[in-house]
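Single-structure report; data block below.
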Amino acid sequence: MTPATVLDSVRNWIDSAERIVALTGAGISTDSGIPDFRGPQGVWTRDPKAEKLSDIRYYISDPEIRRLSWRSRLDHPAWKAQPNLGHRALAALERRGKLHALITQNIDGLHLRAGNSPGRVFEVHGNVHRAMCLSCGWRGAMQDVLARVRAGEDDPPCEECGGILKSDTISFGQALIPEVIEGAMRSAREADLLLAVGSTLQVYPVAGAVPLAKDAGARIVIMNAQPTAFDDMADAVLTMSIGEALPFICGG
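Sequential numbering from 209 applies to the sequence shown in my numbering.
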């Protein structure tokens, strides 16, 4: 089939589906100016040492890593990023009553800003717009902590207990939140169509949502610039621009 024929087929599947689950990765946010991690120009591809900043072991044990992390947070692209056409397409899908759940590996909060309901969005790796304390569990606005960094604190401690602060995101070596993962996987089992967008589908347990949905009888549509491990399982694989293709297939 031609790419246009495949797009038409996927659009028809979405029109007839009742419980669509979207699974999104970094690729959906690149058009918003947020680089991915593992792509050809990804953050970790270009600078493997940057991965250390996302490792909880180094973060806890090395004050210099924390100082570098806070400096890098000052310029995080998420502070200026706006939802793009891909994010808005999934928000429109929810308004149509089609979107059962949205499972995202992204920490940028752009799905929520685009208009998806918090009750339908599973942010499995957290949200960079929040800060948290590793000792007492305090949570608050990241911008409030960054204001302290701009004022001269290079490793600001928790004002409640003096503990180590970090972004309220899941670092390597840090446990996922069980209820978030359980909710995401339950939604995948309930889907009649799973749409994986902008993810290499390499990170578990989230990637496991794809075979879980397939085993439950859902159609699988994968939209990603690079091949994924689940392409052979998919009913359709789309490699075109997310910003162009996703609004088309999600449209009413």
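Even for Gly, the Cβ is constructed at its ideal location relative to N, Cα and C. Just so it is clear, the structure is predicted and the values come from calculations on it, not from any experiment.
query, result
"Just mark Asn292 as buried or exposed, buried being the case when its beta carbon has 16 or more other beta carbons within 10 Å.", "buried"
"Considering only the alpha carbon of each residue, which of Ile430, Asp263, Phe380 and Leu301 lies closest to Cys458?", "Leu301"
"Give me the Cα-Cα distance between Trp252 and Asn220, rounded to the nearest whole angstrom.", "Unreliable placement is indicated for Trp252, whose pLDDT of 47 sits below 50; the coordinate value is still reported in the next sentence. Taking the straight line from one Cα to the other gives about 37 Å."
"Quick one: what does DSSP say Val319 is sitting in, helix, strand or coil?", "It should be noted that the sequence gives His, not Val, for residue 319. Helix."
"Pull the bridge partners of Arg461 from the DSSP assignment, please.", "Since the first residue of the chain shown is 209 and the last is 460, residue 461 is not available in this structure."
"Which whole-angstrom value describes the C-beta separation of Asp363 and Arg275, a residue pair presumed to lie in contact below a C-beta threshold of 8 Å?", "5 Å"
"Less than 8 Å between the CB atoms is what I'm expecting for Thr408 and Thr436, so what's the real figure, rounded?", "6 Å"
"In the DSSP assignment, the alpha helix (DSSP H) including Leu298 goes from what residue to what residue?", "Leu293 to Arg303"
"Which partner residues does Phe330 have in the DSSP bridge list?", "Ile311"
"Rounded to whole angstroms, what is the Cα-Cα separation between Gly323 and Ala349?", "20 Å"
"Taking the alpha carbon of Pro181 as the reference point, which residue from Met393, Cys369, Leu403 and Gly241 has its own alpha carbon closest?", "This structure gives no information on residue 181, because the portion of the chain shown stretches from 209 to 460."
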